[in-house]
Amino acid sequence: MIDLNKLAKPDKTIREHTDDLLNKLERLKYLGYLGNEEYEILQLCCEYHDYGKINDEFQKRVSSKKKINFDDTKEVAHNVLSLCFVDENKFRSKEEYYKGCYSILNHHHNVDNFKEIREKEDLIEKNIEKFGGKKLRKRALKKIAEYKTDNQTMFIKGLLHKCDYSASGSYEIEYENDFLSDSLEELGYEWNELQNFCVEKKDENIIVVANTGMGKTEAGLLWIGDNKGFFILPLRTAINAIYDRVREKIIKRNIEQRLSLLHSETLSYYLNKNITEEEKILEYSKRGKQLNMPITISTLDQLFNFVYKYNGFELKLATLSYSKIVIDEIQAYSPDLLAYLISGLEKISELGGKFAILTATLPPFVKDYIEDNIDSINYGEFTKGKIRHHLQVMETELDPLFIENHFKEKGGKVLVVCNTVKKAQEIYDLLKSEDRNINLLHAKFIRNDRSSKEIEIQNFGKTEVNGNGIWIATSIVEASLDIDFDYLFTELNDLNGLFQRLGRVNRKGEKEKMLTYPNAYVFTEINKNLFVNESGTRGFIDKTIYNLSKKAIINFNGLLSEDEKVKMIKATLTTENIKNSNFDREYKKIKKYIGDLYIGEKDSKDIQKIFRNIMSYSVIPYDIYVDLDNRKIIDESLEILRKRYLDDPKINKEENIKKREALKLEKIRARDNIYGLTVSVGIYDRNKIDSIKFGDEEIEITKCKYDFERGFERIKVENKKDEAYDNFG
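As structure tokens, then:
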């Protein structure tokens, strides 16, 4: 009575599509990504998942040459009907049957599936009666629903989604990692103690504190070995740099099937870097989103948004649960992102996934957050090595006159790090001189200018490059840029940030002669408006953590070893010390919020926006907009973005697909050209005087001061509240 030779898709029968899923499942089994028990349940899930498509109404729609819309007065979603054909006797136990049923029922979420069953009993029966389907019993449905939060059920459902999407999209479900260990050995390096530790503990969760320059990237890759792996970093600039390094220096060959990049501007990056042939760019980019590449380098939001439990979140969770995840520089995350990260690691660990946290500093309170719900973590500490810093603490605000006199006397490559863009611009104005090489870098430059400046600072900041000049920057240099300066002058924010900033000076410890005198000056006094207020609506520096940090270093002057940095953080940033801080309150609030969410409460379309939780806006400064060359770029780009491709009946389907994809790439470049003229600003920086629109996007033209030397500066608007400080460094 069940004819699986009926259509599942216009070009495939139910039997053919089901066999495709089973083949995808075999691939996962071959790669060792699931155990025998899950495999057997999934075999049945794959077999039954589309049986509901045999109903007459679906067959009318799928076989019609004209588009027929789903009519919910005549038809019931096929995933609901599929449940009526599942044979309980095929499962080894009732428990496995319920888990399989939950996964089959919910492999689509177009409607509330349980509600559909309750409200459409008669229509369901009408759709299945002639095919021998059985009526769904209320007691069984109640038991099925109880498995919603069961870990094995989540895993099974996630892999059913993965098999289904891969079969429907005709793409490889997983590419095998059979190359990484050999690629690392081909480097011919003698691994250091950090890297050997990661090899020895490659089957365990690890947290490692290690000096800058010890080869944490190689250590993380050695820990991953020939397994599926994800490398997560906090900043896109750092992610791009790691991707380039791994691609060019380590993996080298067959990149399109081995290594992917995953962040919001991946496709643009591939295009601008000419990573592969143009006709392969779209396909290569898709693989990253399909999570089927052996090694993926990603931002947190692209992977850990599953903590919101949106419908279908199980696919990411299941994939991560058979992967090895490297987290780089955990101390760089804000309290909300840290809550998302740790919540995700907890769930991944429950399902069997492994993680390695590699960081230059690890505050004890962060360690305690992690240990709250995760057991069996191995710790390594590799903080021996050359002394790189001679610290001088200054109990004043950042002093440009002091910096100027120091530069006149000693010269060299000088880095000044400020806590805000506004402060960086003020220091730049005071130090600027026609006979002095001085530059400014912060986050409020348009993207094209910022890219140029990042290249400049990296070239100037190479260890082997000698020079005289001053770069004034904000916190964006803390972890994203590989630079090595002779002297640092910095405002204090907190110990973690300070030690990250110190990592930009004498980076490799090769400038021993310069340690006779201070090479790093810390100015402890900062503007009190930068502290986060009680409501969390203003400021971005936690007052408690700042005060603890100030107390820890206030009396320190002299050579600062890596060991002493670790000891200082361990003694200062304890759970007990920060328990009344805004950071701790915010972390716990978000952690509880995530824990209290129920499955399906959030819509996946809104998740990325919520997840980033950054009130920033991409705007085009008016001075940039009215420049004739820029205006030409904008107008030509808008013309491309407004194009539509209509299939040409004179050419075949494949040629039409190629032309559509060519236009898509052209539009991506056009959009990228426009966004190259934008700058990310805070809500109080906006002063809209016009806008440009394309598709669903609108970019404001903002009245402000802007130039290549200083970047964006807000113009105060009369009668408008002015918040002088934001966290866009």
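Throughout, the working numbering is defined as the position within the sequence shown, counted from one, plus 47. Quick reminder that beta carbons are idealized off the backbone N, C-alpha and C, glycines included. The model shown is predicted, which means the values in this text are computed figures rather than measured ones.
Kindly indicate which residue of the options has the alpha-carbon position closest to the one of residue i.
i	options	result
Asp531	Asn543, Asp541, Asn515, Thr406	Asn515
Asn576	Ala567, Tyr568, Asn566, Ile588	Ile588
Gly758	Ala490, Glu312, Asn352	Ala490
Ser738	Glu330, Asn126, Val666, Lys639	Val666
Ser213	Glu456, Lys336, Glu581, Lys327	Lys336
Tyr564	Ser596, Leu607, Asn540	Leu607
Phe755	Gly458, Lys763, Val726, Asn734	Val726
Glu623	Gly642, Asn116, Ile592, Glu611	Ile592
Ile302	Lys249, Phe244, Glu223	Glu223
Leu409	Ile374, Ile395, Glu745	Ile374
Ser423	Leu282, Asn252, Glu393, Asp670	Asn252
Asp229	Ser215, Leu207, Gly272	Gly272
Asn239	Leu350, Phe454, Gly432	Gly432
Val579	Asp631, Glu538, Lys249, Leu68	Asp631
Val512	Lys558, Thr537, Asp482	Lys558
Lys401	Cys245, Glu686, Asp118	Cys245
Phe570	Glu501, Cys465, Glu481	Cys465
What would DSSP say about residue i, mapped onto helix, strand or coil?
i	result
Pro281	coil
Gly550	coil
Val123	coil
Tyr691	Residue identity check: residue 691 is Arg in the sequence provided, not Tyr. In the structure shown, Arg691 sits in coil (DSSP, three-state: anything other than H, G, I, E or B).
Ile61	helix
Lys53	coil
Tyr669	helix
Leu528	coil
Thr343	strand
Gly235	coil
Val613	helix
Thr537	strand
Gly99	helix
Asp66	helix
Ile588	strand
Gly276	strand
Lys626	coil
Leu445	coil
Leu89	helix
Gly544	helix
Gly605	strand
Gln106	helix
Lys371	strand
Which residues does DSSP list as the beta-bridge partners of residue i?
i	result
Asn252	Ile424
Val468	The partner list for Val468 (beta bridge, DSSP) is empty, contrary to what the question assumes.
Glu760	Lys752
Ile519	Val463, Leu487
Ile739	Ile746
Ala709	Answer by DSSP bridge pairing: none, since Ala709 is not bridged.
Val569	Val440, Thr537
Val133	Note: Val133 sits in no beta bridge, so no partner.
Tyr664	Val728
Leu306	Ile342
Phe578	Ile588
Less than 8 angstroms separating the beta-carbons of residue i and residue j?
i	j	result
Tyr355	Lys649	yes
Tyr194	Tyr236	no
Asp719	Arg761	no
Lys414	Trp270	no
Phe73	Val256	According to the sequence as given, residue 73 is Glu; it is not Phe. No, they are not a contact pair.
Gly205	Glu361	yes
Ile203	Lys71	no
Lys59	Lys100	no
Gly267	Ala403	yes
Asn486	Gly723	no
Ala520	Pro281	no
Leu488	Val524	yes
Arg334	Ser315	no
His154	His96	yes
Leu542	Ala599	yes
Ile504	Leu528	yes
Asp554	Thr264	First, the amino acid is wrong: residue 554 is Arg here, not Asp. Against a cut-off of 8 angstroms, the Cβ pair of Thr264 and Arg554 comes out as no contact.
Asn425	Lys248	yes
*Go through the segment 373-442 residue by residue and report every complete run of the beta strand (DSSP E) that reaches 3 residues or more, in order.*
Listed in chain order, the complete beta strand (DSSP E) runs (minimum 3 residues) inside the segment 373-442 are 401-406, 424-429, 436-441.
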